[in-house]
Amino acid sequence: MKELKQKTKRRNFIFSFILILVLFWNFSIHSHHTGSSDSPNATARFVDPFTGKREKPTNYLVMTQDYYQSTRENSHLFTTTAFAELNFFDGRFALNASVPWNYYQQRGREDAARIGKTYLGFKYQPFFDLDKPYFFVIEGAVGFPSGPDTDRFTGGNYYTGSGFIKLGYLYERWSFVTKIGGLNPLSRPQPNNLQDNDGIPFYFRKPSATPPEPEYEFKKTTLISAYVTYYLMPEISVFTGVLYRNPYNGVDYSKEKDKANPSYFTEASVGFSWNFSEKYNMSLAYRYPLQRDREYRLYQSAWTFAFSMEWGSD
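Under my numbering, read the sequence shown as residues -6 to 307, first letter to last.
1) Where Asn336 and Lys49 are concerned, what is the direct C-alpha to C-alpha distance, given to the nearest angstrom?
2) Quick check on Tyr61: buried or exposed, where buried means 16 or more other Cβ atoms within 10 Å of its Cβ?
3) State the DSSP-derived secondary structure class of Pro269, mapped to helix, strand or coil.
4) According to DSSP, simplified to helix, strand and coil, what is Phe76?
5) Rounded to the nearest angstrom, what separates Leu236 and Asp83 at their Cα positions?
6) Could you spell out where the beta strand (DSSP E) holding Gly243 opens and where it closes?
7) In angstroms with no decimal places, state the Cα-to-Cα distance between Phe72 and Gly109.
8) Could you tell me the distance, in whole angstroms, from the CA atom of Tyr292 to the CA atom of Gln58?
9) Roughly how many angstroms lie between the CA atoms of Met226 and Glu271, to the nearest whole one?
10) Runs of 3 residues minimum, wholly inside the stretch 43 to 72: which ones carry the beta strand (DSSP E) assignment?
11) Between Asn150 and the rest of its own chain, which residues show a CB-CB distance below 7 Å, the 5 nearest in sequence each way excluded?
12) Which residue's Cα is closest to the Cα of Gly156: Phe146, Thr215, Phe211, Pro119?
13) On the DSSP bridge list, what partners appear for Glu303?
14) In whole angstroms, what is the alpha-carbon distance linking Lys46 and Arg107?
15) Extract the residue ranges of the beta strand (DSSP E) inside the stretch 126 to 174, only unbroken runs of 3 or more that lie entirely within it.
16) Would you tell me roughly how many angstroms separate the C-alpha atoms of Asp124 and Thr143, rounded to the nearest one?
17) Tell me the residue span of the beta strand (DSSP E) that contains Val92.
18) Return the residue from the list Asp245, Ile131, Phe269, Thr111 that minimises the CA-CA distance to Phe120.
19) Enumerate in chain order the residues of its own chain whose CB-to-CB distance from Phe146 is below 7 Å, with the five nearest sequence positions on each side excluded.
20) For Tyr224, count neighbouring C-beta atoms within 10 Å of its own C-beta (all shown protein chains included) and say buried if the count is 16 or more, exposed if not.
21) Roughly how many angstroms lie between the CA atoms of Thr64 and Asp122, to the nearest whole one?
22) If you measure between the beta carbons of Leu88 and Phe115, is that distance less than 8 Å?
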């Protein structure tokens, strides 16, 4: 366990060191480019405080670090996500991909690390002049099965589809964004049985050998979020937002109807975003679940740090 903690400290130190080098390089060479655009909509990055990602189609790469304190499994969770996006047709359409890596700092047992569900997606901005201070974006993605090896992967061994409609408006120093959509399971749950040992699929088994019903069922999940951003200056902004999810447990919905499985989940966030050049941005958000009962809260609180780099012309 000590060795794992030392590795974690080394990994965090290396990440911090690289970030400091990037910041130093940017200020020493490119700081004169900051905020050079005359369009306020070009300067506004519309950064989602819950994910650290950009709302509009953009050529960029973002590394997001989430820290969840005291999760339901009595552990701390560190999730590092790499997200890349490439836009086409002058910013009206984009393709993207994301891969998360989860590190569980657990109590009473060894720490563990898992690769999360991989997503491939798109963004489409069909209406409005892109220089206008408002936008309408359609977003979708497909999450791929993580595989049966739960010692290496997590996120569910099934396909998941996600879709969102996003509206944003920039008024002087204020921006307003709302997102409506959700997750939809694209695979059917398969009950656990002995097929991994004897090679017989569950649908070929005799009724006497039918396995017990699974503890979870797949359900469509509704996600609604909204946040307000205030620009202290073109490069620095502060924001606050709220998120709603129903059902509470997401796609993997427990059949148990008790206090540990409420019907919905809400979360509030507050933070700031800093465009320290035309191409680089960082944001930090503090996230707070509004359900505070110890028996069913997902986590005590969470932090989301995101560092992104754009390329190409603005």
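We put the CB at the ideal spot given by N, CA and C, even for glycine. All values derive from a computational prediction rather than experimental measurement.
In brief:
1) Residue 336 lies beyond the residue range present for the chain, which begins at -6 and ends at 307; the question has no answer from this structure.
2) Classification for Tyr61: buried.
3) Checking the sequence, you will find Phe at residue 269 rather than Pro. In the three-state reduction of the DSSP assignment, Phe269 falls in the coil class, being assigned neither a helical nor a strand state.
4) Phe76 carries a strand assignment under DSSP once its states are collapsed to helix, strand and coil.
5) Straight-line spacing of the CA atoms in Leu236 and Asp83 works out to 31 Å.
6) That residue, Gly243, is in no beta strand (DSSP E); it is neither H nor E in DSSP.
7) The residue you asked about is not Phe; residue 72 is Thr in the sequence shown. Rounded to whole angstroms, Thr72 to Gly109 spans 9 Å at the Cα level.
8) Straight-line Cα distance between these residues: approximately 16 Å.
9) The C-alpha of Glu271 is placed about 14 Å away from the C-alpha of Met226.
10) Correct list: 53 to 62.
11) If we look at Asn150 and ignore the five residues flanking it on each side, its Cβ neighbours are Pro138, Ser139, Gly140, Pro141.
12) The shortest CA-to-CA distance from Gly156 to any of Phe146, Thr215, Phe211, Pro119 is the one to Thr215.
13) DSSP, once it has assigned bridges, lists Tyr53 as partnering Glu303.
14) When rounded, the distance between both Cα atoms is 22 Å.
15) For the stretch 126 to 174, whole beta strand (DSSP E) runs of length 3 or above, ordered along the chain, are 127 to 136, 153 to 164.
16) Cα to Cα, Asp124 sits roughly 46 Å from Thr143.
17) Residues 86 to 99.
18) The closest CA to that of Phe120, considering only Asp245, Ile131, Phe269, Thr111, is found on Ile131.
19) Correct list, in chain order: Arg107, Ile108, Ser139, Gly140.
20) Around the beta carbon of Tyr224, 16 or more other beta carbons sit within 10 angstroms, so the residue counts as buried.
21) If you draw a straight line from the Cα of Thr64 to the Cα of Asp122, it comes to about 44 Å.
22) Annotated as proximal: Leu88 and Phe115, with beta-carbon spacing under 8 Å.
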